[in-house]
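**Student:** Just so you know, the numbering used here puts the end of the sequence shown at 134, numbered straight through with nothing missing. For each residue, glycine too, the CB sits at the ideal point set by N, CA and C.
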Amino acid sequence: MIQKNTLLEVADNSGAREVICVGLLGGRKSASIGNTIIVSTRSVNPKGKVEKGKVYRAVIVRVKNRIRKSDNSVICFSSNAVVLVNDQGEPLGTRVFGPIKKLPSGFFMKIMSLAVEVL
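#1: From residue 75 to residue 61, what distance separates their C-alpha atoms?
#2: Quick check: residue 52 and residue 40, are their CB atoms within less than 8 Å of each other?
#3: Note down the Cα distance separating residue 119 from residue 30, rounded to an integer number of angstroms.
#4: So what does DSSP say about residue 129, is it helix, strand or coil?
#5: Identify the continuous beta strand (DSSP E) that holds residue 99 and give its terminal residues.
#6: Cβ of residue 18 within 8 Å of Cβ of residue 55?
#7: Could you tell me if residue 21 is buried or exposed, where buried requires 16 or more neighbouring beta carbons within 10 angstroms of its beta carbon?
#8: I'd like to check one pair, residue 111 with residue 90: are the Cβ atoms closer than 8 Å?
#9: Within 10 Å of its beta-carbon, does residue 115 have 16 or more other beta-carbons around it, so buried, or fewer, so exposed?
#10: Would you kindly report the start and end of the unbroken beta strand (DSSP E) that includes residue 56?
#11: Going by other Cβ atoms of all chains shown within 10 Å of its Cβ, with 16 needed for buried, is residue 72 buried or exposed?
#12: Figure out for me which residue from 81, 82, 84, 99 has the closest Cα to the Cα of residue 66.
Take a look at the structure:
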């Protein structure tokens, strides 16, 4: 579960390495995979598309917390990770690194098509 002030890895090539959660959309106290959150960049690559300290929207694609799938198997990732998106929900990067859990159908299909492995 992701809360305010949680440090997250960035799973795309937008130029950010690490972000911090500064807000949750929808008045929630915690967020999980598929939810959109507000993040601020903490560390960036010098030639990236994003700037340090700027505020962006992001979609959660991996969480450390155990997630039970519909077939009663359990998925547990080694890190909390997000993909940065614009206001229309399109990813800022052109690649998504690492495995991601299947996002809710109909939403963020572009992110799932860019991912190497979808669980």
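**Tutor:** This is what the structure gives:
#1: 24 Å
#2: yes
#3: 26 Å
#4: helix
#5: 96-100
#6: no
#7: buried
#8: No, Cβ-Cβ distance for residue 90 and residue 111 is not below 8 Å.
#9: Under this definition residue 115 is a buried residue.
#10: 51-59
#11: buried
#12: Selection 81, 82, 84, 99 evaluated against residue 66 yields 99 as nearest (Cα-Cα).
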